[in-house]
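Peer 1: Please read through the structure below; I'll follow up with questions.
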Amino acid sequence: MTAAPRRLESYVCGSWNPGRSEGQLLSDAATGAPVARIDSSGIDFAAVLDHGRRVAGPKLREMSFHDRAAMLKALGLALMERKEEFYTESLHTGATRSDGWIDIEGGIGTMLTFASKARRELPNTRVLTDGEVEPLSKDNSFVAQHILTPMRGVAIHINAFNFPIWGMLEKIAPTLLAGVPCVVKPASQTAYLTELCVRRIIETGILPEGALQLVCGSVGDMLDHVTGQDAVTFTGSAWTGRKLKSYAPVVANSVRFTMEADSLNASILGPDAGPGTPEFDLFVKEVAREMTAKAGQKCTAIRRVIAPRAHVQALVAALGDRLGKTTLGLPYEEATRMGPLASLDQREEVRARIRDLQADAEIVAGNPDEVKTGSGDATQGAFLNPVLMYCEKPFGASAVHEVEAFGPVSTVMPYDDLEEAVALSHLGKGSLVSSIFTDDPAVAADVVLGAAPFHGRVLIGNRASAKSSTGHGSPLAPLVHGGPGRAGGGEEMGGMRGVKHYMQRTAVQGSPRLLSAVTGRWVDGAPVQHDVHPFRKSLAELRIGDQLITAARQVTQEDVEHFAHFTGDTFYAHMDTEAARANPFFDDRVAHGYLIASFAAGLFVEPNPGPVLANYGVDNLRFLTPVYFGDTLQVRLTCKEINPRASAEHGEVRWDCQVTNQNGAVVAQYDVLTMVAKTWPAVAA
Ligand code: NDP
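My numbering runs 449 ahead of the 1-based position in the sequence shown.
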């Protein structure tokens, strides 16, 4: 059954726009049947950027990090409910079910991970503080704090054809969390899947209008209208990336440009991982999987296979054998293990790159020109057998380290010692990821430390993690995705690091009172209030700066000895006068740090049932001055930060806790973390 090609539309300035001209025809990767037409002519691209900045920017910035996280969670769950529709559309791209899983559920999962990490790791505020308060004056009247605020522009995300959903969601999740609107431009070839996903996103009504716009087709003159408050991210070929990065308005406005381009990722077989070891088998499996998943059209796929010379023959035989069993075919057929490339043009492109590689390497398995499929017609669909190449002299070669054949193609190259293996990994001139398969800790340390400066991520594979490892080729939301040099020099994701890419870091200097007003966080030296015990206050009553100064308590030798025997901590510095005096840090026996923290809790606690529900930890605990027998402790506890939970009857409160001795010296400093009820007595639900 051949349906008429769908007309793709851009979602810009609040409505769907089909473009003005007939546009480009997009074909099914496996059958060549027409799927869609795409065109963006007639769109006013300056207005698109303006719409995002003017309409969505203020609405997003009004929301707190937790509000935005809740929005992303709702969106992720809504998309997950619609995933089957995406899987069906994804077949046109040539993706099998497992390829589609990486793109669709991998993308939605990434968005959900960002949402949950943001709720756990970011405060429920609109401004982020970065690092500690810096004292700048002796009398504490002038201090500084770095803050991060959302940029006032839009983020333009230009994506590659290989991951139409993941590529969009992994970029818009951190951007929206930061409070910045997005304009997404998918690669034309597979834009129908991105368009479908954006339609479903817009239909949910979860995002504020203008927070996500979509351009199907060329971005026209959009980059002529960027300002220093906008950001551009690019995934695709190094050639296009460099062109856009050096585009005059991008350069003139110092527009943040994140690029992820060609990457000649390497995987190294350790010298200990010869045939017969679990690591050898894992390596063979991983290389074959990386070559065939998404038909090798993954930016993280293994392109260079670096192996000890002694094991090369066995490796080539094992890989050739495994790859030879890969059934090519229509993506929806159950027997199919590898689908086609994204288009016939892409197949010609890959064949041309294989010819380039042949300058340095010979084909040892698979014939790029003779395609065998289990189903599907290789004249209509972009099928290509996996092709394994071998380069005997990789140090004298250039193509194998420079040419990215974006398909099921890898080159095996031998090394004689580990230093050579690391040096070969460097010849990729910067890659997204590299891996080492070894069970030897010394090999793991040498290779990882040697390869790390040239890579954004390094995976160690061995028998212990075989079952749980997420694999060489999987970028993960909490981890950095990007690489130096040839890989583009960019960084995406990386958990909450990725959110900060869309925020401006500013050093703010001033008096503690005014700095505290800016950040919403109490700063030492800012005003404080003393009335009822702050642990008697619910979130509704508690204020930043509410403070308790406790009674004082003397620490005796009996206290220390009792604590030592009670807990079993009879460390000599608490128990043995002579040994304690010989210790360079102490003049005599000292109290345990944990005894100080325990006494502090005893001093500041309000014992009756009340709004403080639990103490869930301390941050940055430091013991700064030794406490000797006879010293007197006192605590100053100040409400530092309040984070009400959106979907709970409580919130988190961070307390600045300072313990001093009779001379005013700070003996311990830390943040106490508590859960506090929003109202007290609790209102029955
Ligand atoms: P391109 O660099 O041609 O395209 C990438 C994106 O840039 C697409 O969305 C494309 O849109 C857009 N684009 C192209 N020209 C411009 C322009 N002048 N202004 C604004 N946007 C532009 O890469 P392809 O997707 O065609 O892939 C080509 C090769 O790139 C692959 O064969 C592979 O070698 C490499 N690649 C590398 C990836 C990596 O991460 N390492 C990922 C994907 C590809 P449109 O599609 O409409 O032209």
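Cβ atoms here follow ideal geometry from the backbone N, Cα and C, with glycine treated the same way.
Between V1054, Q1118, H1099, E1101, which lies nearest to V1108 when the distance is taken from Cα to Cα?
Peer 2: Looking at the Cα atoms, Q1118 is the closest of the given residues.
Peer 1: Please identify the residue among H1011, G815, V929, F563 whose C-alpha is closest to the C-alpha of A518.
Peer 2: Nearest option by C-alpha distance: F563.
Peer 1: Considering Q1003, what are the terminal residues of the beta strand (DSSP E) in which it resides?
Peer 2: Q1003 -> beta strand (DSSP E) spans 996 to 1003.
Peer 1: When you compare the CB positions of R503 and G654, do they come within less than 9 Å of one another, or not?
Peer 2: Their beta carbons are not under 9 Å apart, which means R503 does not touch G654 by this criterion.
Peer 1: Inspect the beta-carbon positions of G905 and H930 and report whether they are closer than 9 Å.
Peer 2: In this structure, H930 lies closer than 9 Å to G905 by Cβ.
Peer 1: Which partner residues of G1066 appear in the DSSP bridge assignment?
Peer 2: BP columns for G1066 point to L1122.
Peer 1: Can you find the residues in the same chain that come closer than 7 Å, C-beta to C-beta, to P976, ignoring five residues on each side of it along the sequence?
Peer 2: R962, G994, listed in sequence order.
Peer 1: Can you check DSSP and say which residues form a bridge with L577?
Peer 2: Paired residues: L597.
Peer 1: Per DSSP, what kind of secondary structure is L833 in: helix, strand or coil?
Peer 2: Three-state DSSP puts L833 in coil, outside helix and strand.
Peer 1: In whole angstroms, what is the alpha-carbon distance linking G1026 and L585?
Peer 2: Note on identity: in this sequence residue 1026 is Thr, with Gly being the wrong assignment. Roughly 40 Å separates the two Cα atoms.
Peer 1: Could you tell me whether any Cβ in chain D is nearer than 9 Å to the Cβ of A485?
Peer 2: Within the model displayed, chain D is absent; a lone protein chain is all it includes.
Peer 1: Indicate the three-state DSSP secondary structure (helix, strand or coil) for M512 in the structure shown.
Peer 2: Note: M512 maps to coil in three-state DSSP.
Peer 1: Going by alpha carbons, who is nearest to A680 out of L1122, P599, R1103?
Peer 2: Per the Cα distances, P599.
Peer 1: Considering only C-alpha positions, which residue in the set E652, M671, T828 is nearest to H500?
Peer 2: For the residues E652, M671, T828, the minimum Cα distance to H500 belongs to M671.
Peer 1: Please give me, in chain order, every unbroken run of the alpha helix (DSSP H) with length at least 4 that falls completely inside the stretch 893 to 950.
Peer 2: Here the runs fully enclosed are 945 to 949.
Peer 1: Please tell me whether, using a cut-off of 8 Å, the distance from the CB of Q1135 to the nearest non-hydrogen atom of ligand 1 is below it.
Peer 2: Residue 1135 lies beyond the residue range present for the chain, which begins at 450 and ends at 1134; the question has no answer from this structure.
Peer 1: D477: buried (16+ other C-beta within 10 angstroms of its C-beta) or exposed?
Peer 2: Result: buried.
Peer 1: What does the alpha-carbon distance come out to for the pair G1017 and I596?
Peer 2: The alpha-carbon atoms of G1017 and I596 are separated by roughly 44 Å.
Peer 1: Roughly how many angstroms separate the alpha carbons of P657 and N611, rounded to a whole number?
Peer 2: For P657 and N611, the distance between alpha carbons rounds to 28 Å.
Peer 1: Output the distance between the C-alpha atoms of C631 and M617, rounded to the nearest integer angstrom.
Peer 2: Approximately 10 Å between the Cα atoms of the pair.
Peer 1: Note down the Cα distance separating F1020 from A1040, rounded to an integer number of angstroms.
Peer 2: If you take the alpha carbons of F1020 and A1040, they lie about 10 Å apart.
Peer 1: Alpha carbon to alpha carbon, how far is L626 from T775? Give it in angstroms, no decimals.
Peer 2: C-alpha separation (whole angstroms): 41 Å.
Peer 1: Do you know offhand how far D809's Cα is from V754's?
Peer 2: Between D809 and V754, the C-alpha separation is close to 14 Å.
Peer 1: Under the DSSP definition of a beta bridge, which residues are partnered with C665?
Peer 2: Beta-bridge pairing links C665 to no other residue.
Peer 1: Tell me which same chain residues have a C-beta within less than 8 Å of the C-beta of F903, skipping the five on either side of it?
Peer 2: These residues qualify, in order along the chain: S874, H875, G877, K878, G879, S880, S883, G932, P933, G934.
Peer 1: Counting Cβ pairs, one atom from each stretch, are 3 or more of them under 8 Å apart for the stretch 907 to 927 and the stretch 951 to 970?
Peer 2: Because the criterion of three Cβ pairs below 8 Å is not met, the stretch 907 to 927 and the stretch 951 to 970 do not touch.
Peer 1: Helix, strand or coil for L561 per DSSP?
Peer 2: Here L561 sits in helix by DSSP.
Peer 1: Can we count V668 as close to ligand 1, meaning its CB is less than 8 Å from some heavy atom?
Peer 2: Yes, Cβ of V668 sits closer than 8 Å to a heavy atom of ligand 1.
Peer 1: Is S688 near ligand 1, judged by its Cβ being under 8 Å from some heavy atom?
Peer 2: For clarity, residue 688 is Trp in the given sequence; the question names Ser instead. Result yes, Cβ under 8 Å from ligand 1.
Peer 1: Report back the beta-carbon spacing between F886 and L642 to the nearest angstrom; my notes put them in contact at under 8 Å.
Peer 2: Not a contact, Cβ separation roughly 34 Å.
Peer 1: Thinking C-alpha only, which one of A767, M740, V813, I803 is nearest G788?
Peer 2: Answer by Cα proximity: M740.
Peer 1: What's the C-alpha gap between W465 and V664?
Peer 2: Cα-Cα distance, rounded: 10 Å.
Peer 1: Hey, how far is the Cα of K821 from the Cα of L777?
Peer 2: The alpha-carbon atoms of K821 and L777 are separated by roughly 7 Å.
Peer 1: Leaving aside the five residues before and after A784 along the sequence, list all residues of the same chain whose C-beta is less than 8 Å from its C-beta, in chain order.
Peer 2: Hits under 8 Å: T776, G778, G823, S824.
Peer 1: Measuring CA to CA, which of F514, S712, F494 is closest to I605?
Peer 2: Among F514, S712, F494, the Cα nearest to that of I605 is on F494.
Peer 1: Within a Cβ cutoff of 6 Å, which residues of the same chain sit near R456, ignoring the five residues on either side of it in sequence?
Peer 2: Counting only Cβ-Cβ distances below 6 Å, and skipping sequence neighbours, we find P467, R486.
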